[in-house]
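So for the sequence shown, this note's numbering puts the first residue at 3; every next one is plus one.
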Amino acid sequence: MGRLLLPALVALLLAGPARAADAPPGASSCTGCHAASRVPDSTIPRIAGRSAADIAKALREYRSGAWTSSIMGRIAKGFDDQQIDALAAWFSSQPE
């Protein structure tokens, strides 16, 4: 059993960075807060695994000013439509 544990651990360690490397530019702007939303009482919504359409809509609404937030409007204004679509697709593909 000990011989199987080490290769399995190495495989898991290598799998994590590969997923992060696939993240589109700007994803780190989201994960700073939204990764912390795994805390049960967090008011910050979880975005991993949500529908790409919902994520893209939210970013566009914040960017346009239709939805207000102390932080999200400023962050969303930094993304064009192509970047929003890439972020939405990537976050929707992440495990919840």
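Backbone N, C-alpha and C define an ideal beta-carbon position, used for all residues, glycine too.
Asked	Found
Buried versus exposed, by CB contacts within 10 Å (16 or more), Ile-46	exposed
Run of the alpha helix (DSSP H) containing Ala-54, from where it starts to where it stops	54–66
Simplified DSSP assignment, three categories, for Gln-96	coil
Cβ separation of Gly-28 and Gln-85, assumed to be a contact under 8 Å, to the nearest whole Å	6 Å
Reduced DSSP secondary structure (H/G/I, E/B, other) of Ala-88	helix
Spatial distance of Pro-9 from Ala-50 (CA atoms)	Annotation note: pLDDT 46 at Pro-9 (below 50); position unreliable, coordinate value reported separately. Whole-angstrom Cα-Cα distance: 28 Å.
Alpha-carbon to alpha-carbon, Pro-97 and Ser-71	26 Å
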